[in-house]
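Student: So the sequence shown is numbered by the UniProt record's numbering: it starts at 1 and just counts up by one.
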Amino acid sequence: MSASAPTSSSNAFSPFPTPSSAAIKAEEAFPLHAGTAEESSATLNLSRKPVSPATEEEVGELVPLQTLQDASPAAAAGDSPGDGSSAAAAAAAAAAGGGEEGGGGPSPTSALTDSMTLPGDDGLLRKLQSRHMQMIAIGGNIGTGLFMGSGNALYSGGPAAVLLGYIYIACMLYFVTVALAEMATAFPVSGSFVTFASRFIEPAWGFALGWSYFSQWLIALPIQLTVVTMLIAKWDNGRVSPGVWIALFLVAIAAMNLLGIEKYGHAEMVLSMTKIIAIILFIIIAFAIDMGAGPDNHFRGGKTWSDPGAFKNGFKGVCEVLIAGAFSFAGTEIIGLTAAESENPRKEVPKATKQVFWTITFCNVVSVFFIGLIVPSTDVRLGGGSSSSGVSSSPFVLALETGKLKGLPHLFNAVILLSVFSVGISSVYAASRTLVALAEFGQAPRVCGRIDARGRPLVAIAISLASGCLGFLQYASDAEDIFRWLLALSGLATIFTWLTIGVGHLRFRRAWERQGHKLEELPFRARTGTAGSMLAIGMNVLILVFHFYTAAWPIGQDAIDGEQRAKSFFQAYLAAPFVLLFYATGKLLFRESTLVKLEDIDLQTGRRHIPLEDLETDRHKREAASSRWKKLWRVSP
């Protein structure tokens with residue numbers, strides 16, 4: 001297991017088993033002062049003294065992943081690269097025996113490559129490149145939220161409110177993603193922001209975040225499978241039982257997640273590229289329709305902004321748009337989870353973060369802008385964007401139908417089907433990696449963190465896939481009500497995650513300075529600094545306040561009876577008491593859990609120690625090679 005897993009002494013109140021002795025022995029084979037088994041318990045044992053930074057000599061003794069594999073082929077054939085001590089022992093022997101021919105080991109700088117497996121990787125293989133990381137994150141983002149949920153936003157707030165709301169979410173998400181990139185580049189560990197919450201804030205907080213985030217993606221899978229049956233019903237008119245399609249897609253999603261991380265990354269790259277190309281083509285076609293170049297030769301311009309109007313339902317409409325916008329942007333943070341499986345976190349994480357943010361922002365903001373120019377917010381076919389209104393409630397399909405373009409609505413339905421399938425795949429990826437991180441910290445049964453020789457967390461994947469069986473609940477008489485309550489369980493998990501990333505970044509920066517480090521030592525620095533994280537926290541709190549306001553006093557409240565209003569409120573805010581319940585459970589399990597003191601925050605375990613002169617050289621090279629436009633585009637300082 002990882003070096004950040006708690007020991008038995010620090011986790012005395014946890015009912016879950018502690019890391020195996022073999023895993024701890026494997027970590028001890030690394031002479032790097034990146035956190036021994038005792039030191040790594042700092043996340044839960046808050047009385048630990050701060051760990052001193054590693055020296056360059058210690059850094060130079062890191063053993064690359066290839067050395068581990070070559071030194072112990074037998075260990076590679078076991079259940080998990082991190083479950084046996086033979087590979088670690090061989091690696092230690094290789095490190096002690098020197099490096100290249102001619103005597104002497106490699107220099108500290110030459111030995112320090114970004115493709116090393118550090119303690120804390122927990123057997124996850126580092127095979128993802130920047131393009132894979134980007135497409136996995138995009139795969140979990142562009143799907144039901146944009147293609148279906150944006151209809152709810154348009155129906156509730158009008159075109160201007162949709163545009164402003166999505167821009168608001170994008171600005172907030174910029175602050176969140178660069179803060180996450182800074183931490184994930186320095187600490188490319190399993191679980192990313194879930195791990196950071198336990199380490200930088202409080203173990204109970206990390207427990208609450210981990211389980212709420214896991215629940216979010218656990219519930220997302222059956223929701224995607226249900227949408228799949230709705231999309232297919234557009235063509236087969238119910239001739240094939242929905243259960244057949246659910247079973248087929250669930251098997252396909254399982255197969256994709258069992259491919260191994262490298263092949264999985266390639267598959268997601270193809271699926272996500274298809275979605276991006278489809279959205280770009282839609283934007284071009286929508287522009288042509290708006291300008292009157294469609295078959296109906298009808299020039300629209302911005303008429304929908306005056307009739308029926310730019311805003312709808314006043315301030316409440318704007319508040320509703322923010323909630324729908326957050327749903328559309330959910331999944332962007334998956335880029336942090338991929339850092340633990342990145343070939344070169346130092347370079348790939350910042351690059352992938354930049355590309356993911358701008359790609360998702362472009363796809364969301366520009367597409368909803370053109371939809372607002374074509375589809376009036378009073379179109380009853382939007383049905384408030386609810387799934388009960390059928391597949392035609394997708395505003396993308398409605399825009400193409402409004403333009404009288406034959407065949408294209410069906411083609412885009414196929415794109416939506418592919419997108420929903422992609423989100424289903426990413427939901428299993430996100431849920432399984434989160435569960436692995438929880439197991440590392442003793443916050444979930446240890447068996448959930450078991451990883452095979454191909455880097456697949458099989459138990460975590462199996463548990464995540466099992467939630468897909470909830471898709472068969474649509475056969476129940478009150479299926480729609482059941483799914484509304486399931487969705488309510490994870491409704492605010494995304495906001496809580498983004499809020500926690502901002503808080504974690506503030507705590508990380510303060511601890512970094514308190515323990516005598518300089519910002520120049522970070523391999524990547526968020527351009528917006530702590531000010532951006534504070535803005536992100538404030539913006540997320542505002543979303544929660546607005547959500548409470550519209551839940552307590554919904555649109556059209558005069559036409560809703562008291563019982564229905566109460567039900568709608570609890571469905572809107574059900575996730576909040578569940579987060580509090582998770583937090584209280586964490587407090588009970590880890591009774592010593594308090595806010596981690598800045599001087600006690602572990603800044604060594606899993607950290608990439610890179611010589612300061614190397615970082616400065618890289619920054620100077622980037623500055624010299626960057627044009628003025630590239631400097632505006634780049635998210636690093």
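The C-beta atom is built at its ideal place from N, Cα and C for all residues, glycine as well.
At 3 residues or longer, what runs of the beta strand (DSSP E) sit wholly inside the stretch 161–214?
Tutor: List check, beta strand (DSSP E) in window: nothing returned.
Student: What would DSSP say about residue 419, mapped onto helix, strand or coil?
Tutor: Along the sequence shown, one-based indexing puts residue 419 at 419. Residue state, collapsed to three classes: helix.
Student: Report the CB separation of residue 327 from residue 538 in whole angstroms; it is logged as a contact under 8 Å.
Tutor: Within the sequence shown, numbered from 1, the residue matching residue 327 stands at position 327. Within the sequence shown, numbered from 1, the residue matching residue 538 stands at position 538. Going by Cβ atoms, the distance from residue 327 to residue 538 rounds to 20 Å, so no, they are not a contact pair.
Student: Does the stretch 286–294 come close enough to the stretch 140–158 to have 3 or more Cβ pairs within less than 8 Å?
Tutor: Touching, no, given that fewer than three Cβ pairs across the two stretches are closer than 8 Å.
Student: Looking at the secondary structure, which residues open and close the alpha helix (DSSP H) in which residue 603 lies?
Tutor: Counting from 1 along the sequence shown, the entry for residue 603 is found at position 603. From DSSP, residue 603 is part of no alpha helix (DSSP H); its letter is neither H nor E.
Student: How big is the Cα-Cα spacing for residue 286 and residue 376?
Tutor: Here residue 286 refers to the residue found at position 286 when the sequence shown is read from its first residue. Here residue 376 refers to the residue found at position 376 when the sequence shown is read from its first residue. When rounded, the distance between both Cα atoms is 14 Å.
Student: Spell out the partners DSSP gives residue 342 in its beta bridges.
Tutor: Taking the first residue of the sequence shown as 1, we reach residue 342 at position 342. For residue 342, which the question treats as bridged, DSSP gives the partners 128.
Student: Does residue 305 come out as helix, strand or coil in the three-state DSSP assignment?
Tutor: The sequence position of residue 305 within the sequence shown is 305, counting from 1. Of the three classes helix, strand and coil, the one that applies to residue 305 here is helix, per DSSP.
Student: Going by the CB atoms, is the gap between residue 151 and residue 419 shorter than 8 Å?
Tutor: Numbered from 1 along the sequence shown, position 419 holds the residue referred to as residue 419. Numbered from 1 along the sequence shown, position 151 holds the residue referred to as residue 151. Taking 8 Å as the Cβ cut-off, residue 419 and residue 151 do not qualify as a contacting pair.
Student: For residue 492, which of helix, strand or coil comes out of DSSP?
Tutor: In the sequence shown, residue 492 corresponds to position 492, counting from 1. In the structure shown, residue 492 sits in coil (DSSP, three-state: anything other than H, G, I, E or B).
Student: So for residue 577, helix, strand or coil by DSSP?
Tutor: The residue labelled residue 577 in the question sits at position 577 within the sequence shown. Helix, per DSSP.
Student: If we count the other Cβ atoms within 10 Å of its Cβ and call it buried at 16 or more, is residue 223 buried or exposed?
Tutor: Taking the first residue of the sequence shown as position 1, residue 223 is located at position 223. Its Cβ being crowded by 16 or more others within 10 Å, residue 223 is buried.
Student: Less than 8 Å separating the beta-carbons of residue 506 and residue 186?
Tutor: Taking the sequence shown and counting its residues from 1, the one referred to as residue 506 is at position 506. Taking the sequence shown and counting its residues from 1, the one referred to as residue 186 is at position 186. No, the pair does not count as a contact, with Cβ atoms beyond the cut-off.
Student: Measure the C-alpha to C-alpha separation of residue 257 and residue 424 and round it to an integer number of angstroms.
Tutor: In the sequence shown, residue 257 corresponds to position 257, counting from 1. In the sequence shown, residue 424 corresponds to position 424, counting from 1. Rounded to whole angstroms, residue 257 to residue 424 spans 10 Å at the Cα level.
Student: For residue 475, count the other beta carbons within 10 Å of its own beta carbon; 16 or more makes it buried, fewer makes it exposed. Which is it?
Tutor: The count along the sequence shown starts at 1 and reaches residue 475 at position 475. It is exposed - the Cβ of residue 475 has fewer than 16 other Cβ atoms within 10 Å.
Student: Could you tell me whether the Cβ atoms of residue 357 and residue 332 are closer together than 8 Å?
Tutor: For this step, residue 357 is matched to residue 357 along the sequence shown. For this step, residue 332 is matched to residue 332 along the sequence shown. For residue 357 and residue 332, yes; Cβs fall inside 8 Å.
Student: Beta carbon of residue 238: closer than 7 Å to some heavy atom of the ligand HEM?
Tutor: Inclusion of the ligand HEM in the displayed structure is not the case, the ligand content being empty and no account of it being possible.
Student: Distance, Cα to Cα, residue 459 vs residue 437?
Tutor: Residue 459 sits at position 459 when you count from the first residue of the sequence shown. Residue 437 sits at position 437 when you count from the first residue of the sequence shown. Cα to Cα, residue 459 sits roughly 13 Å from residue 437.
Student: Return the residue from the list 297, 489, 255 that minimises the CA-CA distance to residue 569.
Tutor: Counting from 1 along the sequence shown, the entry for residue 569 is found at position 569. The candidate whose alpha carbon is nearest that of residue 569 is 489.
Student: Does DSSP classify residue 555 as helix, strand or coil?
Tutor: Taking the sequence shown and counting its residues from 1, the one referred to as residue 555 is at position 555. Three-state DSSP puts residue 555 in coil, outside helix and strand.
Student: Determine the DSSP secondary structure at residue 648, reduced to helix, strand or coil.
Tutor: Because the chain is modelled from 1 through 637, residue 648 falls outside the range shown and cannot be assessed.
Student: Can you tell me whether residue 683 is helix, strand or coil according to DSSP?
Tutor: No answer is possible for residue 683: the residues shown for the chain start at 1 and end at 637.
Student: If contacts are defined as beta-carbon pairs under 8 Å, then residue 272 and residue 130 qualify, I think. What distance do you get, rounded to the angstrom?
Tutor: One-based indexing of the sequence shown puts residue 272 at position 272. One-based indexing of the sequence shown puts residue 130 at position 130. Contact doesn't hold; Cβ gap of about 13 Å is too wide.
Student: So what's residue 258 in DSSP terms, helix, strand or just coil?
Tutor: Working through the sequence shown from its first residue, we reach residue 258 at position 258. It is coil, neither helix nor strand.
Student: Just tell me which of 481, 368, 396 has its CA closest to the CA of residue 381.
Tutor: Here residue 381 refers to the residue found at position 381 of the sequence shown. Cα-wise, what sits closest to residue 381 is 396.
Student: Count the other CB atoms, across all protein chains shown, that sit within 10 Å of the CB of residue 586; report buried if there are 16 or more and exposed otherwise.
Tutor: Residue 586 sits at position 586 when you count from the first residue of the sequence shown. So residue 586 counts as buried.
Student: Helix, strand or coil: which one does DSSP assign to residue 78?
Tutor: Locating residue 78 in the sequence shown gives position 78, counting from the first residue. Summary for residue 78: the model assigns pLDDT 38, below 50, so the residue's position carries little reliability; its value from the coordinates is reported in the next sentence. The answer is coil: DSSP assigns residue 78 none of H, G, I, E or B.
Student: Residue 493 and residue 175: beta carbons closer than 8 Å?
Tutor: In the sequence shown, the residue the question calls residue 493 occupies position 493. In the sequence shown, the residue the question calls residue 175 occupies position 175. Going by C-beta atoms, residue 493 is not nearer than 8 Å to residue 175.
Student: List the whole-angstrom C-beta distance separating residue 689 from residue 486, where the pair is believed to meet the contact cut-off of C-beta under 8 Å.
Tutor: Examination of residue 689 is not possible in this model, given that the chain is present from 1 through 637 alone.
Student: Closest to residue 435 by CA distance: which of 133, 471, 215 is it?
Tutor: Stepping through the sequence shown from its first residue, residue 435 is reached at position 435. Closest option to residue 435, Cα to Cα, is 215.
Student: Give a yes or no on whether the C-beta atoms belonging to residue 134 and residue 430 are separated by under 8 Å.
Tutor: Position 134 of the sequence shown, counting from 1, holds the residue named residue 134. Position 430 of the sequence shown, counting from 1, holds the residue named residue 430. Going by C-beta atoms, residue 134 is not nearer than 8 Å to residue 430.
Student: Where does the unbroken alpha helix (DSSP H) through residue 335 begin, and where does it stop?
Tutor: Here residue 335 corresponds to residue number 335 of the sequence shown, with the count starting at 1. Taken as a continuous stretch (DSSP letters only), the alpha helix (DSSP H) holding residue 335 covers 334–337.
Student: Using 8 Å as the threshold, is the C-beta distance between residue 454 and residue 260 below it?
Tutor: Here the question's residue 454 lines up with position 454 in the sequence shown. Here the question's residue 260 lines up with position 260 in the sequence shown. Yes, the pair counts as a contact, with Cβ atoms nearer than the cut-off.
Student: Take the Cβ of residue 361 as the centre, count every other Cβ of all protein chains shown within 10 Å, and call the residue buried at 16 or more, exposed below.
Tutor: Against the sequence shown, residue 361 aligns to sequence position 361. Looking at its Cβ environment, which holds 16 or more other Cβ atoms inside 10 Å, residue 361 is buried.
Student: Thinking C-alpha only, which one of 566, 573, 482, 171 is nearest residue 325?
Tutor: Indexing the sequence shown from 1 puts residue 325 at position 325. Nearest C-alpha to residue 325: 171.
Student: Does DSSP put residue 651 in a helix, in a strand, or in coil?
Tutor: Here the chain comprises residues numbered 1 to 637, so residue 651 is not present and cannot be evaluated.
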